[in-house]
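So the structure is just underneath, and the comments pick up after that.
Numbering (the numbering used here), first residue to last: 38 to 150.
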C-alpha cells in the first residue's frame, strides 16, 4: 500500500488543517443559511403547523443530529466499506426514510423517524 504524505509536517500541515477547518465552518454556515430559508417558507410552515420557536429549534436540531450521525457513521465505516458502497447505502437510507416520512406528514413523523 502506498502511503501518501501530502502535507508533510510543520507549517505546511498547520496550513492544511487551518484551510480544512475554515472550509468546514463555511459549509456549516451555508447549510444553516439554507435551512434558515426553509423554516420561513410558507409551505414548510403549513406542513409543520406553524411551530413555535422552541419546536422549530427542536426540528432544526434533529436535522443537524441526523447529519452529524451520518458523518460519524461514515467516519467509522467509510474506509472499510469504500466510497461507492457508502454512497449507495446513504442513498438507500435517505430514500427509505423519506418515503416513510412522506406517508406521515407532520412533526411527529420527523421526531420519531
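C-beta atoms are modelled at their ideal positions from N, C-alpha and C, and glycine is treated no differently.
Original post:
residue 65 and residue 97: beta carbons closer than 8 Å?
Top reply: The residue given as residue 65 occupies position 28 in the chain shown. The residue given as residue 97 occupies position 60 in the chain shown. In this structure, residue 97 does not lie closer than 8 Å to residue 65 by Cβ.
Original post:
Which residues bound the alpha helix (DSSP H) around residue 83?
Top reply: Here residue 83 is taken as the residue at index 46 of the chain shown, counted from 1. Note, residue 83: alpha helix (DSSP H), 79 to 84.
Original post:
Cβ atoms of residue 114 and residue 123: under 8 Å apart, would you say?
Top reply: Here residue 123 is taken as the residue at index 86 of the chain shown, counted from 1. Here residue 114 is taken as the residue at index 77 of the chain shown, counted from 1. Yes, the Cβ-Cβ distance between residue 123 and residue 114 is below 8 Å.
Original post:
CB-CB under 8 Å to residue 109, same chain, minus the five flanking residues each way: which ones, in chain order?
Top reply: Walking along the chain shown from the start, residue 109 turns up at place 72. Scanning its chain for C-beta atoms nearer than 8 Å, with the 5 sequence neighbours on each side dropped, one finds no residue around residue 109.
**OP:** Kindly list the residues whose CB is nearer than 7 Å to the CB of residue 81, restricted to its own chain and excluding five residues on each side of it in sequence; keep chain order.
**Re:** Within the chain shown, the letter at position 44 stands for residue 81. Closer than 7 Å at the Cβ level, and outside the excluded window around residue 81, lie 75.
Original post:
What is the rounded straight-line gap between the Cα of residue 54 and the Cα of residue 60?
Top reply: Sequence index remark: in the chain shown, residue 54 carries index 17 (1-based). Sequence index remark: in the chain shown, residue 60 carries index 23 (1-based). Distance from the CA of residue 54 to the CA of residue 60, rounded to the nearest whole angstrom, comes to 10 Å.
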